[in-house]
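In terms of my numbering, the sequence shown opens at residue -9 and continues consecutively. Positions of the beta carbon are idealized from the N, C-alpha and C atoms, including for glycine. Computed from a prediction, not measured in an experiment: that's the story for all the values here. Below you'll find the structure, written out as structure tokens, and then a few comments.
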Amino acid sequence: MALNIRCMKEIITALMIWLGANTHFDTNHDIPAVIFLPQDELNSMYFKKQPDDTSTLHGFYNRDMDTIFLSDTWDRRSAWDMGVLLHEMIHYLQDMNDEKFVCNQQMERDAWPIQQDYLKREHNYDWDYDQLWFFMISTCNPTNF
């Protein structure tokens, strides 16, 4: 689905206002750039290699570019896709707020619960993720220290 630039800026601005009202983040920052890519390009850019065809990467934030990358199938009418954009905006705000992490996995400690709260409060969408999985993906392993 093609979005015009103005519509995307309005969506991001609305999400930035929501994050400012519902989190500890300072949202007094420019809005991030958003780039839509086909799934295979999104996967290979993130994984830095040719991933298998079963990878389902919804998006990611690139700190070096201050840019959010989303799948070109992203749809503003989908609660889940709006949650994905919000999730990546959390990473953008973690970066803009100079939050420090021992490893990149720790960035998920804020992102998943905030995304879950947003989905429930704004879209009445229940995302009951596995707590053990969340612990695993949000905790540094010994090789990250």
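Item	Value
For the stretch 12 to 61, list the alpha helix (DSSP H) runs that are entirely contained and at least 4 residues long, ordered along the chain.	29 to 37
Considering just the uninterrupted stretch of the alpha helix (DSSP H) at Asp85, what are its terminal residues?	69 to 86
Does Cys130 pass the burial test, meaning 16 or more other C-beta atoms within 10 Å, or should it be called exposed?	exposed
Tell me whether the stretch 44 to 55 and the stretch 76 to 87 touch, counting them as touching only if at least three CB pairs, one residue from each stretch, are closer than 8 Å.	yes
Quick check: the stretch 106 to 119 against the stretch 85 to 94, are at least 3 beta-carbon pairs closer than 8 Å?	no
Hey, how far is the Cα of Phe125 from the Cα of Ile104?	15 Å
Between which two residues does the alpha helix (DSSP H) holding Asp118 run?	Unbroken run through Asp118: none, as it is neither H nor E.
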